[in-house]
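Residue numbers (this note's numbering): 65 to 206.
A virtual CB, placed ideally from N, CA and C, is assigned to each residue, including glycine.
Nothing here was measured: the structure is a model prediction, and the numbers come from that model.
Below is one structure, written out as structure tokens, with a few remarks after it.
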Amino acid sequence: MTVKEYLHQAYRLDQRIKSDTMEAQNLREMAGNVSAIQYDKDRVQTSQNTEAPFVRTLEKLWTLEKKIADELEKLSDLKKQIREVIEAVPDTDERMVLKYRYIHGLTWEQIGMELCADARTIRRWHGKALLHVTLPDDPIAI
65 MTVKEYLHQA
75 YRLDQRIKSD
85 TMEAQNLREM
95 AGNVSAIQYD
105 KDRVQTSQNT
115 EAPFVRTLEK
125 LWTLEKKIAD
135 ELEKLSDLKK
145 QIREVIEAVP
155 DTDERMVLKY
165 RYIHGLTWEQ
175 IGMELCADAR
185 TIRRWHGKAL
195 LHVTLPDDPI
205 AI
């Protein structure tokens, strides 16, 4: 894994969490729409499923919420490790570019505004910073 791929993982995991959160919201809405139990009058069965349809939706929601909680914990650990890696970069400007880009998820233009530098300078600092980053011995991988 390259330095850039390692640092970019936090953004990807954050996007995955947002997607899962949207899916959980949809499941909550589905579970809120309570429908009656359907009994099929034409078929004879020895046992009928009397479980309300929204129960399956709630089970899916609980599973997804557990997944989101696990992903949030992993994101927290990953960002902590990335912060430690970034703090080891000696140059302040390079370190700030990395923080704004990989911790806060800012665009190049936003970073330039924050650091009062043009986009070309920001990209140059970024390139130099990547050369000064040392990956940890046991990098978290998503």
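Endpoints, the alpha helix (DSSP H) within which residue i is located
i           : result
residue 164 : First-last for residue 164: undefined, no H or E at that position.
residue 176 : 172–179
residue 193 : 183–196
residue 96  : 67–96
Neighbourhood of residue i by C-beta, 7 Å cutoff - its chain only, sequence neighbours within 5 removed
i           : result
residue 197 : 67, 149, 153
residue 194 : 67, 68
residue 187 : 172
Supposed close pair residue i, residue j - CB separation, criterion 8 Å
i           : j           : result
residue 182 : residue 132 : Contact flag wrong, Cβ pair sits at about 39 Å.
Own chain residues within Cβ distance below 8 Å of residue i, not counting five before or after
i           : result
residue 192 : 155, 158
residue 129 : 88
Contact set for residue i: own chain, Cβ-Cβ below 6 Å, skip 5 residues either direction
i           : result
residue 122 : 95
Residue environment, residue i, which counts as buried when at least 16 other CB atoms sit within 10 Å
i           : result
residue 168 : exposed
residue 70  : buried
residue 73  : buried
residue 164 : buried
residue 189 : buried
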